[in-house]
Each structure stands twice: as C-alpha cells, then as structure tokens.
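Everything below concerns the one structure shown next.
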Amino acid sequence: MTQSNVKISCHNVSKTFIQKGTQRVPVLKDVSLEVMDQELLVVLGPGQCGKTTLLRIIAGLETPSSGKVVLDGQEITGPGPDRGLVFQSYMLFPWKTVKDNVLLGLELAGVPADKREEIAAHNLNMVGLKGFENYYPHQLSGGMKQRVGIARAFATNPKVMLMDEPFGQLDAQTRHFMEQETERIWMADKRTLIFITNNIDEAIFLGDRIVTMEGKLPGHVKDTYVVDLPRPRDPMDVEFLRLRQTITDAQALTL
1 MTQSNVKISC HNVSKTFIQK GTQRVPVLKD VSLEVMDQEL LVVLGPGQCG KTTLLRIIAG
61 LETPSSGKVV LDGQEITGPG PDRGLVFQSY MLFPWKTVKD NVLLGLELAG VPADKREEIA
121 AHNLNMVGLK GFENYYPHQL SGGMKQRVGI ARAFATNPKV MLMDEPFGQL DAQTRHFMEQ
181 ETERIWMADK RTLIFITNNI DEAIFLGDRI VTMEGKLPGH VKDTYVVDLP RPRDPMDVEF
241 LRLRQTITDA QALTL
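For the record, in the sequence shown the residue sitting at position 197 is 197 according to our numbering, with numbers rising by one throughout.
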C-alpha cells in the first residue's frame, strides 16, 4: 500500500452524542484507518459498537466530535455525490416504480432525461432487474428491493460505495445470494466499497481486508485481517474456516 492509492483516511475520529440535554454517550474513540482505491473493506463488529456511526460520518450524515475523514485529499464536511449509500432498510418510495426509484437520484443531480433512462437501464440490468422496471416495491421480494437500492446508489456514479448491513433483514439463502451478487458487481465495477456487517462469514466472503471493532462503546478499531483467499470464496474451504475461527476467537474476547 502506498499513500498515492489511499482513497479514504479516518484520522482519530471520535463521536459523542448528547442525550436528554446533558448525558454524554461516547460512541467512537480515536478511530484511524485507511481505505485503498478499489478496495472492498469490511468493518466487522457486534451491535452497538459504533460501526454504523462511523459509516454515517464517512457518508457526511454525522459530524465527528473530533478528528476528520478525508476523501481524495479533501476533508468530508457533509453528504456528496461522490459517495453512494445503501441502507439497512430498503428506503424505496412505495408509490414509485423500480425504474423511477433509480431515476430519482439522477433527476436530483440534473442528468439530462435521455441520459437518465440509459443509466437506469444499465444499472438495473447490472443488478439483475431487467424486466422489472415497472414493478412497484410491494411486488418485490426483500432481495429484489435491496438490489433496487444498490442500482440507485450506483446510478449516480459515486467514487465510493457505502453499504450499512444491507442484508441483515434477509433470510439466510437470499442473504448469501445477495453477497454473491455484491461480489459480482464489485468485481465488474471495481470501485472503492466499505461494507458494514456483524456477520463473520459475510465479512470473509466479501472483504479484501476486514477491520474489527470492539464489542463495547466507545467503539475503536481492534484488529485488521488481510483476506488473501481467491474469489469466489468457498465458506467450506479450510483456509476460510481457519480465518473464521481466528476472528471468532478474537471477537469473543471483546464481548
């Protein structure tokens, strides 16, 4: 890794929330990490460890209490089109069709109408939803709804994709299918992706690197693992299972 291919840098990021006027809740403390250009970085940790807050700070939806996040040499001070976000919940407009949900961000960005149609068609095809353009969210399965969210995030061509436990609401079979789809899309697209999860298997299946966070507040980085396994990955592979056990044992010590 060289400084020239660092895409995002978090420098001693801390975050404290104020509740009920005076109660201070420290959520993050001195989080420092780097994300490389075109890297798929997974941030892994149990619930209530601050990982979603970290992602929201990178997205510009939260402001750090101290420290800073830098993207391509510029400090992040708010949301921007250079970052696409896929949420835990589906966040689709129920009165809009699949295509119109994807078109919305392009309309807000001022993309010309003829170009919007072309971009939406490309991204819906990329996520396997060609033929479903005129369906409404209530007509879709959970996995299909999340694919609409992924297509919408990719459509505006952000430099960085941010995915916040996007498959947590799905059943196990659909979840694994969506993990495979995420890997397929990332392999074809190769843009920087930060993926938040509490699932160790998901982290190993997807990540180039895994950053683990302590299982208590305030959250901070505990360990980093390089996942040097060929893709596509087999969860039953001996090296996959060995890394899974290593991370499981290390995480158990923080709970």
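Each residue gets a CB set at the ideal place from its N, CA and C atoms; glycine is no exception.
{"Item": "Just how far apart, CA to CA, sit Pro-232 and Arg-244?", "Value": "16 Å"}
{"Item": "Let me know if Pro-166 comes out buried or exposed under the rule of 16 or more other beta-carbons within 10 Å of its beta-carbon.", "Value": "buried"}
{"Item": "I need the straight-line Cα distance from Arg-116 to Phe-205, nearest angstrom please.", "Value": "33 Å"}
{"Item": "Quick one: give me the first and last residue of the beta strand (DSSP E) that Glu-34 is part of.", "Value": "23-36"}
{"Item": "Run through DSSP, which three-state label would Asp-82 get?", "Value": "coil"}
{"Item": "Please determine, among Asp-82, Lys-29 and Ala-121, the residue with the shortest C-alpha to C-alpha distance to Pro-64.", "Value": "Lys-29"}
{"Item": "Within a Cβ cutoff of 7 Å, which residues of the same chain sit near Phe-17, ignoring the five residues on either side of it in sequence?", "Value": "Val-25 and Val-27"}
{"Item": "Taking the alpha helix (DSSP H) that Ser-177 falls in, what are its first and last residues?", "Value": "Here residue 177 turns out to be Phe, not Ser, going by the sequence shown. Residues 172-189."}
{"Item": "Out of Cys-10, Gln-38 and Ile-8, which has the shortest C-alpha to C-alpha gap to Arg-191?", "Value": "Gln-38"}
{"Item": "Which residues does DSSP pair with Thr-197 in a beta bridge?", "Value": "Leu-44"}
{"Item": "Just tell me which of Thr-156, Thr-212, Glu-214 and Ala-113 has its CA closest to the CA of Val-86.", "Value": "Thr-156"}
{"Item": "Under a three-way DSSP split, which group does Val-238 fall into?", "Value": "helix"}
{"Item": "Report the option in Phe-240, His-176 and Ile-210 whose CA atom is closest to the CA atom of Lys-51.", "Value": "Ile-210"}
{"Item": "Please look up how many angstroms separate the CB atoms of Leu-129 and Ala-151, rounded, as I've assumed it's under 8 Å.", "Value": "7 Å"}
{"Item": "Write down every uninterrupted run of the alpha helix (DSSP H) in the region 71-149 whose length is 4 residues or greater and which is fully enclosed by it, in chain order.", "Value": "98-108 and 113-126"}
{"Item": "Reducing DSSP to helix, strand and coil, say where Asn-12 ends up.", "Value": "strand"}
{"Item": "Between the Cα of Gln-180 and the Cα atoms of Glu-62, Asp-201, Asn-134 and Ala-252, which residue gives the shortest distance?", "Value": "Asp-201"}
{"Item": "Restricting to Cα atoms, I'd like to know which of Val-226, Pro-79 and Leu-229 is closest to Leu-162.", "Value": "Pro-79"}
{"Item": "Step through the CB atoms of chain D and report whether any lies within less than 9 Å of the CB of Ala-155.", "Value": "Given the protein chain composition of this structure (a single chain), no chain D is represented."}
{"Item": "Taking the C-alpha atoms as reference points, what is the distance between Arg-147 and Leu-71?", "Value": "26 Å"}
{"Item": "Compare the Cα-Cα distances from Asp-234 to each of Tyr-225, His-176, Val-69 and Gln-139 and report the closest residue.", "Value": "His-176"}
{"Item": "The beta strand (DSSP E) with Lys-51 in it runs from where to where?", "Value": "Premise fails: Lys-51 lies in the alpha helix (DSSP H), 51-59, not in any beta strand (DSSP E)."}
{"Item": "Does the distance from the C-beta atom of Lys-216 to that of Cys-49 stay below 9 Å?", "Value": "yes"}
{"Item": "Work out the CA separation of Ser-141 and Glu-34 for me, nearest whole Å.", "Value": "36 Å"}
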